[in-house]
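The block underneath contains the structure these notes are about, expressed in structure tokens.
Numbering (the numbering used here), first residue to last: 2 to 161.
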């Protein structure tokens, strides 16, 4: 005598395995789309294509002899020009946190009476940061990674 398929316990076991794989796949898809990784750049392809342009801007800064001594205290940054070219209308300074994109911020620095570029900011920062400096016309670029805060002036160490 044959029994109906829905009365066999092995039938439910055979259906359960593929069903659980489908449910796990849908759950993984939902988790992957709702919890994006903030460390990864959104448009990494365009970012990768622009690397050569960024390197040429860093080489342009080297060619022009643009260098700075930098001091970043708890809530203030000071850039002291030490290179051949030392007068700029504005400097755009960007702070990038290595893991938390929400902590990134930008500053616009203008020269004071000594020719130094200084700016205060609201929040106290510490830890590892990547700092980029660009002039207003974005002709050259300097970037470095530093541990903050700093107690004294240090040369702006160039990184590619």
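Where is the CB? At the ideal position from N, CA and C, for every residue including glycine.
Between the segment 87-103 and the segment 24-31, the count of C-beta pairs closer than 8 Å stays below three; the two stretches do not touch.
DSSP places residue 96 within a strand segment (E or B) once states are collapsed to three. Secondary-structure assignment with DSSP links residue 79 through a beta bridge to 72 and 119. For residue 135, the number of other beta carbons within 10 angstroms of its own is at least 16, and it is reported as buried. Sequence-distant partners of residue 77 (beyond 5 residues in either direction) whose C-beta falls short of 6 Å from its own C-beta, in its chain, are 121.
If you draw a straight line from the Cα of residue 73 to the Cα of residue 138, it comes to about 24 Å. Under the Cβ criterion (8 Å, minimum of three pairs), the segment 108-117 does not count as touching the segment 149-156.
Of the candidates 49, 21 and 56, the residue whose Cα lies closest to the Cα of residue 142 is 56.
Counted as a single uninterrupted DSSP element, the stretch harbouring residue 102 is not any alpha helix (DSSP H), since DSSP gives it neither H nor E. Beta-bridge annotation (DSSP): residue 108 is paired with 94. Inclusion of residue 65 and residue 118 in the CB contact set at 7 Å is not warranted, their separation being larger than that value.
Between residue 89 and residue 130, the gap from beta carbon to beta carbon reaches 7 Å or more.
When the Cα atoms are used, residue 160 and residue 71 turn out to be separated by approximately 15 Å.
For residue 126, the secondary structure class from DSSP, reduced to helix, strand or coil, is coil.
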